[in-house]
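Structure, as structure tokens:
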Amino acid sequence: MRDTPLSNCERRFLLKAVEEKKRLDGRQTYDYRNIKITFGTDYGCCIVELGRTRVLCQVSCELVPPKDSRPTEGIMFFNLELSPMASPAFEPNRQSELLVMLNRQLERCLRNSKCIDTESLCVVSGEKVWQIRVDVHVLNHDGNLMDAASIAAISALSHFRRPDVAIQGRDITVFSPEERDPIPLSIYHMPICVSFAFFLQGSYLLVDPCEREERVKDGLLVIAMNKHREICSIQSSGGIMLLKDQVLRCSKIASVKVSEITELINKALENDRKIRKEGGKFGFAESMPKERITALKRDEAPVEMTDVQETANEIVNRTETPTEAVSSPVLVAMGTAQVGEGIVNSWGLDEDEEDEPQTEDTKTGNEVMVISDSEEEEVSLNLSSYLKVKLQNTNILQLIQCYTTKYNLFLKEINKAF
Amino acid sequence: MAVEMRLPAVHKPISLAASQSNRDDKHLVVPGDVITSDTGFMRGHGTYMDEDRLTASVAGEVERVNKLICVRPLKTRYNGEVGDVVIGRITEVQQKRWKVETNSRLDSVLLLSSVNLPGGELRRRSAQDELAMRDYLQEGDLISAEVQSIFSDGALSLHTRSLKYGKLGQGVLVLVSPSIVKRQKTHFHNLPCGASIILGNNGYVWLYPTPGHQDEEAGGYYTSMEPVSLSDREVISRLRNCLLALAAHKVLLYDTSVLYCYEASLTHQIKDILKPEIMEEIILETRQRLVEHEG
Numbered sequence: 001m002r003d004t005p006l007s008n009c010e011r012r013f014l015l016k017a018v019e020e021k022k023r024l025d026g027r028q029t030y031d032y033r034n035i036k037i038t039f040g041t042d043y044g045c046c047i048v049e050l051g052r053t054r055v056l057c058q059v060s061c062e063l064v065p066p067k068d069s070r071p072t073e074g075i076m077f078f079n080l081e082l083s084p085m086a087s088p089a090f091e092p093n094r095q096s097e098l099l100v101m102l103n104r105q106l107e108r109c110l111r112n113s114k115c116i117d118t119e120s121l122c123v124v125s126g127e128k129v130w131q132i133r134v135d136v137h138v139l140n141h142d143g144n145l146m147d148a149a150s151i152a153a154i155s156a157l158s159h160f161r162r163p164d165v166a167i168q169g170r171d172i173t174v175f176s177p178e179e180r181d182p183i184p185l186s187i188y189h190m191p192i193c194v195s196f197a198f199f200l201q202g203s204y205l206l207v208d209p210c211e212r213e214e215r216v217k218d219g220l221l222v223i224a225m226n227k228h229r230e231i232c233s234i235q236s237s238g239g240i241m242l243l244k245d246q247v248l249r250c251s252k253i254a255s256v257k258v259s260e261i262t263e264l265i266n267k268a269l270e271n272d273r274k275i276r277k278e279g280g281k282f283g284f285a286e287s288m289p290k291e292r293i294t295a296l297k298r299d300e301a302p303v304e305m306t307d308v309q310e311t312a313n314e315i316v317n318r319t320e321t322p323t324e325a326v327s328s329p330v331l332v333a334m335g336t337a338q339v340g341e342g343i344v345n346s347w348g349l350d351e352d353e354e355d356e357p358q359t360e361d362t363k364t365g366n367e368v369m370v371i372s373d374s375e376e377e378e379v380s381l382n383l384s385s386y387l388k389v390k391l392q393n394t395n396i397l398q399l400i401q402c403y404t405t406k407y408n409l410f411l412k413e414i415n416k417a418f
Numbered sequence: 001m002a003v004e005m006r007l008p009a010v011h012k013p014i015s016l017a018a019s020q021s022n023r024d025d026k027h028l029v030v031p032g033d034v035i036t037s038d039t040g041f042m043r044g045h046g047t048y049m050d051e052d053r054l055t056a057s058v059a060g061e062v063e064r065v066n067k068l069i070c071v072r073p074l075k076t077r078y079n080g081e082v083g084d085v086v087i088g089r090i091t092e093v094q095q096k097r098w099k100v101e102t103n104s105r106l107d108s109v110l111l112l113s114s115v116n117l118p119g120g121e122l123r124r125r126s127a128q129d130e131l132a133m134r135d136y137l138q139e140g141d142l143i144s145a146e147v148q149s150i151f152s153d154g155a156l157s158l159h160t161r162s163l164k165y166g167k168l169g170q171g172v173l174v175l176v177s178p179s180i181v182k183r184q185k186t187h188f189h190n191l192p193c194g195a196s197i198i199l200g201n202n203g204y205v206w207l208y209p210t211p212g213h214q215d216e217e218a219g220g221y222y223t224s225m226e227p228v229s230l231s232d233r234e235v236i237s238r239l240r241n242c243l244l245a246l247a248a249h250k251v252l253l254y255d256t257s258v259l260y261c262y263e264a265s266l267t268h269q270i271k272d273i274l275k276p277e278i279m280e281e282i283i284l285e286t287r288q289r290l291v292e293h294e295g
């Protein structure tokens, strides 16, 4: 099914925003979205979340005869799949340009850079070698699949453990994980792809484009680098003309980002290793927050509050002071009567009449007493800072206190920020 | 920038007594529900045979015509019928036709011979016209058209051979489900509140400021780029929020229901209409007025 086309208004809006250096989610031009790496219970299984883009990678191994041209080296096989779960535009078994591009780039990034020592994967030269198979599945497409896929692949490869092998003459014994601890792969370095999207004929660039931004981009530059500042591959698509210093600038940005991401991956691997050693619970189920409503959960977003103080002061100054209310008016509710000369009915009052905590600028206190014999006191309240309402029902009072303390905290925070 | 804070509260769902009676005579099913174990029926769309039992594969209403049982889904892509008014967006410009996206399973087709040439002339389409197709309609343009016929694979063939159809200019597009747009004699309405509306059968609804005078010679391709006044914009924004409220509560959309909803919403601010509690209030009032209007 084809994706719904982008309307002209949306396209113009996105391009205008890029020109003004603003992004849809409030990021800066060189900012990445939140990256979250979680490992599964099996070795070699990893899910990477880049904002809302989710990618799953599974590494497995098998003993196979080696290639004729390279009898002493193991085989690496990469496969990336775009499932219809990721986006309605992806159809199963459809060879699209995007799929071919992602597969090629992943292969180039991980195989041609020789980040895995393939010689160590050889068991019997010319007869049996390990074939490492890396399967990447895209679970949700919200832009920048290449980066997420490369992070997932290298994390899964670093996490993966292959079975131990013992060779006696011509006999090969493969030990199961229970008999002997599986061995990690020997990884020389971690190449990670960083994507740059170019807009308006190459005049503006964005790092880590989201799906909307990707739709209006002119061209894409993908730089695969490791933390030792070695470039593993560069690919430019879209046919845009890039200047030399633009490419150099991108590579500098990429090196900064790659070192941050590599640290993140190492930390995640370290955490997982620690938990497994201590015997704690690990896996995907543990990485999800439990017993919390996450239906309306939003990530932290930066809010622009540069002129809140002035606006707040303006509003406070502009509002007219409320008229002086009559002190302690007595309202008679339905269904009540009074006997005598207007003595106040004290049945509806509770013993403890607490005062509401003072807000910032309170004027004269006001007491409104409603006489009624109903159990539920219906009190309408005005939370402006000019009125103080005296309540008779402690339950509602506590609710009000909770609201006002929240309001006070909010005001304090604004004041603190300036 | 003012920040509004609201804390969650429990609100009870509102349902009118009138809607309860309608639900009883409809046979609603969900995927996996067994419709009948009788083997004498032929199975139609939306059903499949599961060990001799006729089971539904979509969520919807069961329809029975003699021996044929099919399930009509509640939420579906637009299935076109001849004579429907649709609003679509041009996705491709091909040799002698345009491909239009109309929220259906396949892109609809607008043949060059089915459009009115600007200037309203009636002549044979020449190679010149073919080369100048992009000047009339480009990728991304919105058009209103009528379904002329249906191809064998289900794709719709559209035409704009009337002055009321053609390229749409300044306005607001609202996307709703095709099943809640009521089929009526006319889908073009000039609402008394000061805006005009086109209710496309495919779920695309177009709101635009009422044009001052009809431009006869333009033939549907002249789009005025004059700035729209603030009052018109406010009316259109309010209408758009009302449409979203009606769609959220599955109220059938037609000119009367939209108008009643607009009038019920006048007491609130435009941006407040989208809040759930206020939405419920407005829809309740609209439903009551509609029931009175019919009864």
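These protein sequence lines are chains A and B, in that order.
Note that UniProt numbering gives residue 82 to position 82 of the first sequence, counting from 1, and the numbers run on in steps of one.
Note that UniProt numbering gives residue 206 to position 206 of the second sequence, counting from 1, and the numbers run on in steps of one.
All residues carry an ideal CB built from backbone N, CA and C; glycine is no exception.
Asked	Found
Please confirm whether ALA17/A has its beta-carbon closer than 8 Å to some beta-carbon of chain B.	no
I'd like to know whether the C-beta atoms of TYR30/A and VAL174/A end up nearer to each other than 8 Å.	no
For the beta strand (DSSP E) holding PRO73/B, just list the boundary residues, first then last.	68-73
Could you list which residues in chain B have their beta carbon closer than 7 Å to that of ASN8/A, in chain order?	GLY140
Between the stretch 247-257 of chain A and the stretch 46-55 of chain A, can you find at least three pairs of beta-carbon atoms closer than 8 Å?	no
Please tell me whether ASP272/A and HIS159/A are closer than 8 Å, where the distance is taken between their beta carbons.	yes
Run through chain A and tell me which residues come within less than 8 Å of ARG89/B, C-beta to C-beta.	PRO5 and SER7
Return the first residue and the last residue of the beta strand (DSSP E) that SER236/A is part of.	231-237
Helix or strand or just coil, what does DSSP make of CYS57/A?	strand
Whole angstroms is fine: what's the gap from LEU117/B's alpha carbon to SER162/B's?	11 Å
Going by C-alpha to C-alpha distance, which of SER176/A, GLN105/A, PRO182/A and ILE132/A sits closest to LEU145/A?	GLN105/A
Which same chain residues, not among the five before or five after GLU376/A, have their C-beta less than 6 Å away from its C-beta?	At GLU376/A the pLDDT is 44, less than 50, meaning the model places this residue with poor confidence; the figure from the coordinates comes in the next sentence. Here the set comprises nothing.
Among the residues of its own chain, which have a CB less than 8 Å from the CB of ARG276/A, if the five just before and after it don't count?	PHE282
Take THR102/B as the anchor and find which of LEU158/B, ARG123/B, THR55/B and SER126/B has the nearest alpha-carbon.	LEU158/B
Take VAL138/A as the anchor and find which of THR306/A, ILE132/A, ALA153/A and THR319/A has the nearest alpha-carbon.	ALA153/A
Measuring only the C-alpha atoms, how far is SER87/A from LYS26/B?	34 Å
Excluding the 5 residues flanking ASP153/B on each side, which residues of the same chain have their C-beta closer than 7 Å to its C-beta?	LEU106
Tell me which same chain residues have a C-beta within less than 6 Å of the C-beta of ASN79/A, skipping the five on either side of it?	ASP135
Does the Cβ-Cβ distance between MET85/A and THR118/A come in under 8 Å?	no
Taking 8 Å as the threshold (C-beta atoms), are GLY60/B and GLY46/B in contact?	yes
Could you name the residues of the same chain whose beta carbon sits closer than 7 Å to that of PHE188/B, not counting the 5 residues immediately before and after it, in chain order?	LYS164 and ILE198
Does the stretch 112-126 of chain A touch the stretch 36-48 of chain A, meaning 3 or more C-beta pairs lie closer than 8 Å?	no
Count the other CB atoms, across all protein chains shown, that sit within 10 Å of the CB of HIS141/A; report buried if there are 16 or more and exposed otherwise.	buried
Are VAL64/A and GLN131/A touching if we call contact CB-CB under 8 Å?	yes
Among residues of its own chain, excluding the 5 on either side of SER287/A, which ones have a beta-carbon nearer than 7 Å to its beta-carbon?	THR38
What does the Cβ neighbour count give for VAL85/B, buried or exposed, with the cut at 16 atoms within 10 Å?	buried
Relative to the C-alpha of GLY203/B, which candidate in LYS96/B, SER177/B and ASN190/B has its C-alpha closest?	SER177/B
Taking 8 Å as the limit between beta carbons, can you name the residues of its chain near VAL258/A, skipping five residues before and five after?	ILE192, VAL194, MET225, ASN226 and LYS227
For the structure I just gave you, are there three or more beta carbon pairs, one from the stretch 236-248 of chain B and one from the stretch 258-275 of chain B, closer than 8 Å?	yes
Between the alpha carbons of PHE151/B and SER96/A, how many angstroms are there, rounded?	27 Å
May I have the straight-line CA-CA distance separating THR36/B from ASP52/B, to the nearest angstrom?	9 Å
Out of GLN401/A, ASP68/A, ASN8/A and GLU230/A, state which residue places its alpha-carbon closest to the alpha-carbon of SER125/A.	ASP68/A
Using three-state DSSP, classify LYS412/A as helix, strand or coil.	helix
Answer yes or no: do ILE270/B and ARG238/B have a C-beta to C-beta separation smaller than 8 Å?	yes
Could you check the C-alpha separation between LEU205/A and ARG12/A for me, to the nearest Å?	16 Å
Locate the alpha helix (DSSP H) running through GLU178/A, then write down its first and last residues.	From DSSP, GLU178/A is part of no alpha helix (DSSP H); its letter is neither H nor E.
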